[in-house]
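I have placed the structure first, in the form of structure tokens, so that the comments after it can refer back to it.
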Amino acid sequence: MTEIGIVGYGAYIPGHRIRTGEIARVWGANGEETERNLGIKSKSVPYLDEDTVTISVEAARYALRRCGVDPGRIGAIYTGSESHPYAVKPTSTIVAEAIGATPHLTAADYEFACKAGTAAIQTSMGLVGTGMIEYAIAIGADTSQGAPGDALEYSASAGGAAFVIGREKIIARIDKTYSFTTDTPDFWRREGQRYPSHGGRFTGKPAYFRHILTCAKNLMEIMDTSAKDYQHVVLHQPNGKFPIRAAKQLGFTKEQYETGLLTPTIGNTYSGAVMLGLSAILDVFGPGNRILAVAYGSGAGCDGFDITVTDEMKNYKLDAAPTTASQIQGRKFIDYATYARFRSKIERGGE
Amino acid sequence: MEVPRFWRETRARYNLEGVRCGNCEKVFFPPREVCPDCHRASIGRMEKFKLSGKGEVYSFSTIHSAPDYFKDEVPYIVALIKTDEGPMVTGQIVDWEDGEVQIGTRVESVFRKISEQGKHGIIQYGFKFKAVRRALK
């Protein structure tokens, strides 16, 4: 069978941060308690001129800068997000134009809550694996919003990662992908609504945990592996608590999950979450490292990946773009009023 | 800006795509049909040429009184960037701290939202710049 894998990747996280305690202060909540309950100290905030398109373009440019693939050889671009700037008009066509990949390619946008980016990876694997195209770019990016005062406001953040999928010069081979999907209404946003709604505690056991645990277990059963066969695990991270609890239930240790766990510092980047976690692992760990990655999207479903870093990683030009770690800490902390302005929660003239 | 005009300029705005004169090899941005030095000798010889996005601040101004769309971004910096390939390019500088941007500061281009035509119109994207040290590891 043809080997398919990651040929290049790039990550982009906006530079502004807001602390959990600052959001709690505005809504009369206990900052320390909220921080402890969610496992989130701060989250990334996009500036007024940053959105899913700009994050996707920067991540894709970083990926191409590192792997050197000619943009003209990219046959498909899929961008997964729940915050595409247009309801109708693809993010992916703008990305394609901005990286010089137009016009001989196919492009489309995906939406599946927080796992739209990994769905894009799977589609890319299919097209590349069958030889229909040479390379594809799969992107997961979001500038997610939580309604003012809602629990989601502490976590919904911004960021994204782009993965170039191909058959040659693979730096991380995708050994297997497996998905688990059901109709579970734990989190949703109706057409035309500005903020999402969710089922509160229903988002936990029957939604996140059932899908993540089942997907991971089934994938490991297919691969005849257990937690000890992987050096790293990255699970979807809506907060800083769920992924740790799930990882432990699957038999993983702190050493295995800590590198890919970014939510405590940058918040939940939705479609970017697992892909950014994966990029943080690939930034640091070389050939031979095996990674279990499981993305979760509300609605609900999981995409699991068994990935092995190859010797080709030694030739990868990581330094050609900013690393994930270099972007995690952020550049500037802002207060809630500034955050509200950046996220258009307050508008000039009261519109 | 009208949609067709923006669309015509997309490659320049997204990718800093200019032209190079096939006769004297001088680079121009935004692209032009004829080289102002070589005149008819350049006709049909103006080749597409993508700027690297790297350059330095030639001059800049901090804007405090802005057009409507940019009011929420004040104060912001608009600079003349002397690109490494030669052309002088006007652009906004993002992610800056007080005193960080000076004449001679090295910059590189980034992809950002420039403006949008109200709530219903198209969103215009394009290049802006940021200080190079912000882009390093």
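As they're listed, the protein sequences go chains E and F.
Every letter in the first sequence is one number past the one before it in this note's numbering, and letter 58, counting from 1, is 58.
Every letter in the second sequence is one number past the one before it in this note's numbering, and letter 103, counting from 1, is 103.
Even for Gly, the Cβ is constructed at its ideal location relative to N, Cα and C.
- Rounded to the nearest angstrom, the gap between the Cα atoms of E/E347 and E/R341 is 7 Å.
- Chain-order list of chain E residues neighbouring F/K71: R348, by C-beta distance under 8 Å.
- Here the stretch 151 to 164 of chain E makes contact with the stretch 260 to 270 of chain E; the two share three or more CB pairs at distances below 8 Å.
- Leaving aside the five residues that flank E/R189 on each side, the residues in its chain whose CB is nearer than 6 Å to its CB run, in chain order, P196.
- Assignment of beta-bridge partners to E/Q122 by DSSP yields no partner.
- Excluding its 5 nearest sequence neighbours in each direction, F/V19 has C-beta neighbours in its own chain below 7 Å: F28, P31, R32, M46, E47, K48, F49, listed in chain order.
- Between E/G129 and E/I40, the alpha-carbon positions lie close to 39 Å from each other.
- No Cβ of chain E is located within less than 7 Å of the beta carbon of F/D98.
- At a cut-off of 7 Å between C-beta atoms, F/Y76 does not count as an interface residue with respect to chain E.
- Under DSSP, E/W188 forms a beta bridge with E/S197.
- In terms of beta-carbon proximity, F/D68 stays away from the interface with chain E, with every pair separated by 7 Å or more.
- Contact of F/N15 with chain E by beta-carbon distance below 9 Å involves E97, A98, I99, G100.
- Along the stretch 69 to 92 of chain E, going in chain order, the ones with a CB nearer than 9 Å to a CB of chain F are P85, Y86, K89.
- Residue pairing from DSSP places E/D142 in a beta bridge opposite E/G159.
- Residues of the same chain with a CB within less than 7 Å of the CB of E/G31, apart from the 5 flanking positions on each side, are T20, G21, A24, R25 in chain order.
- Taking the C-beta atoms as reference points, E/I55 is found no nearer than 7 Å to E/A172.
- Within the stretch 38 to 62 of chain E, Y47, L48, D49, E50, D51, V53, T54, V57, E58, R61 place their CB atoms closer than 8 Å to a CB of chain F, listed in sequence order.
- Judged by their CB atoms, E/Y270 and E/H211 are not nearer to each other than the 7 Å cut-off.
- Residue nearest to E/S124 within the set E/P14, E/D142, E/F163 is E/F163 (criterion: CA-CA distance).
- Here DSSP, grouped into helix, strand and coil, assigns E/V7 to strand.
- In the three-state scheme derived from DSSP, where H, G and I count as helix and E and B as strand, E/S279 is classed as helix.
- DSSP, reduced to helix, strand and coil, places F/R106 within a strand of the structure shown.
- Across the set F/P75, F/Y14, F/G55, the C-alpha of F/P75 shows the shortest separation from the C-alpha of F/D98.
- Spanning the alpha carbons of F/I77 and E/T253 requires a straight line of approximately 48 Å.
- Of all alpha-carbon atoms in E/V95, E/M132, E/A119, the one lying nearest the alpha-carbon of F/Y125 is that of E/V95.
- A distance of 7 Å or more separates the beta carbons of E/Y257 and E/L219.
- The three-state reading of DSSP puts E/T259 in coil, since its state is none of H, G, I, E or B.
- For E/K41, no beta strand (DSSP E) segment is defined, and its DSSP state is neither H nor E.
- Boundaries of the alpha helix (DSSP H) around E/A247: 242 to 249.
- At least one beta carbon of chain E lies nearer than 7 Å to the beta carbon of F/R112.
- Assignment of E/Q231 by DSSP, reduced to helix, strand and coil, places it in the coil class.
- For the 7 Å CB-CB criterion, E/D306 and E/M223 form a contact.
- Taking the Cβ atoms as the reference, E/K317 lies roughly 13 Å from E/R61, outside the contact range of under 8 Å.
- A contact between stretches requires three or more CB pairs, one per stretch, nearer than 8 Å, and the stretch 35 to 49 of chain E meets this requirement with the stretch 11 to 20 of chain E.
- The alpha-carbon of E/E255 is positioned some 8 Å away from that of E/H232.
- Taking a beta-carbon distance threshold of 7 Å, F/D84 does not count as an interface residue toward chain E.
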